[in-house]
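In my numbering, the protein residues as written are 309 to 412. Ideal Cβ positions, reconstructed from N, Cα and C, are used throughout, including at glycine. Encoded as structure tokens, the structure appears first; notes follow it.
Now the structure itself:
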């Protein structure tokens, strides 16, 4: 039996918009605030998120495919409150970037 999943309403925000009113709005409305940090690698994300979100309210981030493949991503996720990651994969690049077991 397939698990029932509720639809997601999400809004994508820029990194400089990691501010309490945005995270509070997402919490109050039951929507998701996805912060697009896809221009940053894991090493840049560490200090950035500590400064931008010291309370650990950011739950969703959008990262690049190359950041997804970074071996230190797992430990970074454990250090933060981030629960879900979103990755934008453009069709013309996805077959080259993703490991074989993720293709098709």
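At which residues does the alpha helix (DSSP H) containing residue i begin and terminate?
| i | result |
| --- | --- |
| residue 395 | Where residue 395 is concerned, there is no enclosing alpha helix (DSSP H), although the beta strand (DSSP E) it sits in stretches over 392–395. |
So, with DSSP's three-state summary, where would you put residue i?
| i | result |
| --- | --- |
| residue 358 | helix |
| residue 328 | helix |
| residue 314 | coil |
| residue 377 | coil |
Please identify the residue among the options whose C-alpha is closest to the C-alpha of residue i.
| i | options | result |
| --- | --- | --- |
| residue 318 | 355, 324, 367 | 367 |
| residue 374 | 365, 388, 394 | 394 |
| residue 370 | 381, 352, 342, 397 | 342 |
| residue 335 | 382, 316, 362 | 316 |
| residue 390 | 357, 352, 324 | 357 |
| residue 372 | 329, 325, 347, 388 | 347 |
Tell me residue i's beta-bridge partners as DSSP assigns them.
| i | result |
| --- | --- |
| residue 321 | 343 |
| residue 368 | 342, 392 |
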